[in-house]
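Colleague:
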Amino acid sequence: MNLMRKLRGSSASTSAEPEAASSHIQLGLMHLKKLFAEYTHPPQPLTDAEKDDKLYNMLPLFCKVFGASPSTEMNEKFWDILSFCQQVSKLMVSEIRKRASNQSTEAASCAIAKFLEIENSEESSNGWMLLSTLNLLAAGDQSLIQVMTTAAIPSTLVKCLYLFFDLPEIPESEADVHDDASEFTPRERRILLQKIFVQVLVRLCSHPFPCEELARKDDLSLLFSAITSWCAPHNMMWRKSAAEVLMTLSRHGLTQSVVQYIHNKGCVGLCIENMQKIPELTPLEVVEMFVAVFCFLKDSSDVSQLLLDDFRSCQGYLFLSEFLLKHERQDVPDYLTSGLEEERVSGTEAKAALRNLVLMISSLCACGFSELRPTRANTELFQLQGFVLPQPSTPGQAVRNVQAFQVLQSVFLKSNSPALCCTILDAISSVYHADNANYFILENQNTLSQFSERIHTKNAEIQEKFFELLEFIVFQLNFVPCKELISLSLLLKANRSRSCSILCIKTLLNILKHNAIFKDVYREVGMLEVFVTCLTRYAVYLKDKQILEEELEEKENRKNPIEAQVNPQKLQKGKSVNRDRIP
Numbered sequence: 001m002n003l004m005r006k007l008r009g010s011s012a013s014t015s016a017e018p019e020a021a022s023s024h025i026q027l028g029l030m031h032l033k034k035l036f037a038e039y040t041h042p043p044q045p046l047t048d049a050e051k052d053d054k055l056y057n058m059l060p061l062f063c064k065v066f067g068a069s070p071s072t073e074m075n076e077k078f079w080d081i082l083s084f085c086q087q088v089s090k091l092m093v094s095e096i097r098k099r100a101s102n103q104s105t106e107a108a109s110c111a112i113a114k115f116l117e118i119e120n121s122e123e124s125s126n127g128w129m130l131l132s133t134l135n136l137l138a139a140g141d142q143s144l145i146q147v148m149t150t151a152a153i154p155s156t157l158v159k160c161l162y163l164f165f166d167l168p169e170i171p172e173s174e175a176d177v178h179d180d181a182s183e184f185t186p187r188e189r190r191i192l193l194q195k196i197f198v199q200v201l202v203r204l205c206s207h208p209f210p211c212e213e214l215a216r217k218d219d220l221s222l223l224f225s226a227i228t229s230w231c232a233p234h235n236m237m238w239r240k241s242a243a244e245v246l247m248t249l250s251r252h253g254l255t256q257s258v259v260q261y262i263h264n265k266g267c268v269g270l271c272i273e274n275m276q277k278i279p280e281l282t283p284l285e286v287v288e289m290f291v292a293v294f295c296f297l298k299d300s301s302d303v304s305q306l307l308l309d310d311f312r313s314c315q316g317y318l319f320l321s322e323f324l325l326k327h328e329r330q331d332v333p334d335y336l337t338s339g340l341e342e343e344r345v346s347g348t349e350a351k352a353a354l355r356n357l358v359l360m361i362s363s364l365c366a367c368g369f370s371e372l373r374p375t376r377a378n379t380e381l382f383q384l385q386g387f388v389l390p391q392p393s394t395p396g397q398a399v400r401n402v403q404a405f406q407v408l409q410s411v412f413l414k415s416n417s418p419a420l421c422c423t424i425l426d427a428i429s430s431v432y433h434a435d436n437a438n439y440f441i442l443e444n445q446n447t448l449s450q451f452s453e454r455i456h457t458k459n460a461e462i463q464e465k466f467f468e469l470l471e472f473i474v475f476q477l478n479f480v481p482c483k484e485l486i487s488l489s490l491l492l493k494a495n496r497s498r499s500c501s502i503l504c505i506k507t508l509l510n511i512l513k514h515n516a517i518f519k520d521v522y523r524e525v526g527m528l529e530v531f532v533t534c535l536t537r538y539a540v541y542l543k544d545k546q547i548l549e550e551e552l553e554e555k556e557n558r559k560n561p562i563e564a565q566v567n568p569q570k571l572q573k574g575k576s577v578n579r580d581r582i583p
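The numbering of the sequence shown is UniProt numbering, which starts it at 1 and goes up by one.
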């Protein structure tokens, strides 16, 4: 069931004619202006309660007039919109504080949720109408956002969001029961509250002013704590909401002052610490938390290196490595509860989560405030014709974060999971392909040389991907990778895996066919001596195979002496064929 469609249906106009609807809206707008003028300039003094009642009575009319109109029309048609926005914002803050004052977190969260949830109908639900009005105002221009920010709407709603983590579960016996006086069940009311509440915050945090207000009032750290804290399964949707708000803030509100606040409060370190110390978190939950943290690291790197340095200093990269290795083969629960509905999470989905984490790490490789450039001097003994050391050319694709790349490298070397190793090789390949300069920026990491020491322990698919990367360096980058070729010669010499050695020789042949200069390169790196060793080893193998076959024939002859006497020529022919195979 689409709750929002049901909500719209319950409040839709019954008029079928567009002209009639437009006429109703015009009349409604005139009445709204009249009511607000009487509110701001009453003929006789009003008590606070009377003022609140008058404002509450205007909210359904405001939502009806502007609910289906472009947000720009609020300023164009309702000239007192800023004053109206100020009064509505003050009323919301006052109502929230009234219900949170001198209460436990659970009691405060229940009181606030009960106030904001829709009741029998929209018009009879003061809190719901207040929230819906703020939602329309938050879609307006920056002048409205500034008014709401000055009235402390963003910080008040963030505090509410944090309190909602303590909401008690709706009893299952009541969750889906329809009240005779209401169209919505308790479960539906809670879901509607979450949708509209987070929409207001997301709209606000799409501007820099609310983000700076959250930092100034020290409420921004609550969001970081919220996204990496344990919460009861029935409140998981509030943690997802906090992450959505935080990622919106990351895209639109990371001014220099906000970044400095996050650094000063140690928010990145707080997230890493929370993810490490809460044993109840599943791998899927931790990956979801990483998404929000990565958004901040990535987006903040455009204005400062501070948060990336914070992530490094609080051992964030080490935690990433340990997390991937810990969960590469670990079974995950079949069910995780998310929000108010149970969602099935299979092992396949958990593996997909780890895969997404690897891809996020690879994208983090390109995040950094300062550009990195290849430092290789053009003093190589061998160079292919036309080779020029490439410089970063693709904005946002060149490597700027070597520590993130080192996570991929170290996990590949330590991992025993074929799926994880394949994903990492794909990620490294995407980094190399993203910008021709990336291989040379990372050359000092000796990635492929180190991989060659362990590649014989990996399966055939991983080995093929590894050798394709080596061919990419020669064929696409037009470069002679002497270090990698030396490591391949050591791989062949060690001969720990016959199938791996065969793949290695095929790659070396492909490279040799590419350019005749590799004849000299192979001689220089000691590859020819290794080839001779391989040939000698192969000759010994054939000779041993012949001896083994002869021994087997003798055993067969002893078992079948009659066959040996009847067909001696057949046996002799088999022996001569085997001798012909020996070089």
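Here a beta-carbon is modelled for each residue, glycine too, at the ideal position from N, C-alpha and C. What you are looking at is a predicted structure, and each value in this text was computed from that prediction instead of being measured.
Could you tell me which of I278, L136 and N120 sits nearest to M74, measuring between CA atoms?
Modeller: Residue L136 is the option with its Cα nearest to M74.
Colleague: Looking at L408 and A427, is the spacing between their C-beta atoms short of 8 Å?
Modeller: In contact: A427 and L408 (Cβ atoms closer than 8 Å).
Colleague: Nearest to H207 by alpha carbon, out of L503, A49 and Q142?
Modeller: Among L503, A49 and Q142, the Cα nearest to that of H207 is on Q142.
Colleague: Is it true that the CB of I278 sits closer than 8 Å to the CB of G316?
Modeller: It is not a contact, given that the beta carbons lie outside the stated cut-off.
Colleague: Go ahead and pull the three-state DSSP assignment for E484.
Modeller: In this structure, E484 counts as helix in the three-state DSSP scheme.
Colleague: Using DSSP with H/G/I as helix, E/B as strand and the rest coil, what is L246?
Modeller: L246: helix per DSSP, three-state reduction.
Colleague: Going straight from the alpha carbon of L29 to that of P154, what length do you get?
Modeller: Rounded to the nearest angstrom, the two C-alpha atoms are 28 Å apart.
Colleague: Mark E106 as exposed unless 16 or more other C-beta atoms lie within 10 angstroms of its C-beta, in which case mark it buried.
Modeller: Exposed, since its Cβ has fewer than 16 Cβ neighbours within 10 Å.
Colleague: Find out if the Cβ-Cβ distance for the pair I462, C422 is shorter than 8 Å.
Modeller: In contact: I462 and C422 (Cβ atoms closer than 8 Å).
Colleague: Inspect the beta-carbon positions of L281 and L297 and report whether they are closer than 8 Å.
Modeller: Going by C-beta atoms, L281 is not nearer than 8 Å to L297.
Colleague: When you compare each of I505, Q383, E174 and A437 to F479 by their alpha carbons, which one comes out closest?
Modeller: Per the Cα distances, Q383.
Colleague: Out of curiosity, what's the CA-to-CA distance linking Q26 and F36?
Modeller: Straight-line Cα distance between these residues: approximately 15 Å.
Colleague: Do you know offhand how far H327's Cα is from F311's?
Modeller: Looking at the two C-alpha atoms, the distance is approximately 21 Å.
Colleague: For S125 and I118, what's the separation of their Cα atoms in angstroms?
Modeller: The straight-line gap from Cα to Cα measures roughly 6 Å.
Colleague: For L324, count neighbouring C-beta atoms within 10 Å of its own C-beta (all shown protein chains included) and say buried if the count is 16 or more, exposed if not.
Modeller: Buried, because 16 or more other Cβ atoms sit within 10 Å of the Cβ of L324.
Colleague: Distance, Cα to Cα, S393 vs A437?
Modeller: About 8 Å.
Colleague: Can you tell me where the alpha helix (DSSP H) with Q403 in it begins and where it stops?
Modeller: Segment V402 to K414, the alpha helix (DSSP H) holding Q403.
Colleague: Pull up the distance between the alpha-carbon of V198 and that of V245, whole angstroms please.
Modeller: Straight-line Cα distance between these residues: approximately 7 Å.
Colleague: Which runs of the alpha helix (DSSP H), 4 residues or longer, sit entirely within the stretch 78-110?
Modeller: Qualifying alpha helix (DSSP H) stretches, in chain order: 81-100.
Colleague: Examine the Cβ distances between the stretch 214-234 and the stretch 257-277 and report whether three or more of them are shorter than 8 Å.
Modeller: The stretch 214-234 vs the stretch 257-277: in contact.
Colleague: If you count every other CB in all the chains shown that lies within 10 Å of the CB of R523, and 16 or more means buried, which is it?
Modeller: Exposed, since its Cβ has fewer than 16 Cβ neighbours within 10 Å.
Colleague: Touching or not, the stretch 244-261 and the stretch 167-182, by the rule of three or more beta carbon pairs under 8 Å?
Modeller: Segments in contact, no.
Colleague: Distance, Cα to Cα, Q256 vs A151?
Modeller: One C-alpha to the other measures close to 23 Å.
Colleague: If we ignore side chains and look at the alpha-carbon of each, how far apart do S241 and T47 end up?
Modeller: Approximately 37 Å, taken between the alpha carbons.
Colleague: Helix, strand or coil, according to DSSP, for R373 in the structure here?
Modeller: Correct three-state label for R373: coil.
Colleague: Between the alpha carbons of L512 and R251, how many angstroms are there, rounded?
Modeller: So the alpha carbons of these two residues sit roughly 49 Å apart.
Colleague: Measure the C-alpha to C-alpha separation of residue 584 and M58 and round it to an integer number of angstroms.
Modeller: In this structure the chain extends from 1 to 583, so residue 584 is not present and cannot be described.
Colleague: Once DSSP output is grouped into helix, strand and coil, what is the label at Q26?
Modeller: Three-state result, Q26: helix.
Colleague: Residue range of the alpha helix (DSSP H) that A292 falls in?
Modeller: P283 to S300 is the span of the alpha helix (DSSP H), which, as asked, contains A292.
Colleague: Output the residue ranges of the alpha helix (DSSP H) runs that lie fully inside the stretch 36-86 and measure 4 residues or longer, sorted by chain position.
Modeller: You should have 48-66 and 72-77.
Colleague: Looking at C-alpha atoms only, which residue of I547, C85 and D166 is the closest neighbour of S109?
Modeller: Looking at the Cα atoms, D166 is the closest of the given residues.
Colleague: Below 8 Å, how does it come out for the stretch 225-240 and the stretch 160-175: are there three or more Cβ pairs, yes or no?
Modeller: The stretch 225-240 vs the stretch 160-175: in contact.
Colleague: Specify the secondary structure class of A232 as computed by DSSP and reduced to three states.
Modeller: Residue state, collapsed to three classes: coil.
Colleague: Using a Cβ-Cβ cut-off of 8 Å (strictly less than) and excluding sequence neighbours within five positions of R99, which residues of its own chain qualify?
Modeller: The answer, listed in chain order, is A108, A111, I112 and F115.
Colleague: If we ignore side chains and look at the alpha-carbon of each, how far apart do S429 and L470 end up?
Modeller: Distance between the alpha carbons of S429 and L470 is about 10 Å.
Colleague: Please go through the same chain and pick out, in chain order, the residues whose beta-carbon is closer than 8 Å to the beta-carbon of L61, but skip the five residues on each side of it.
Modeller: G28, H31, L32 and L35.
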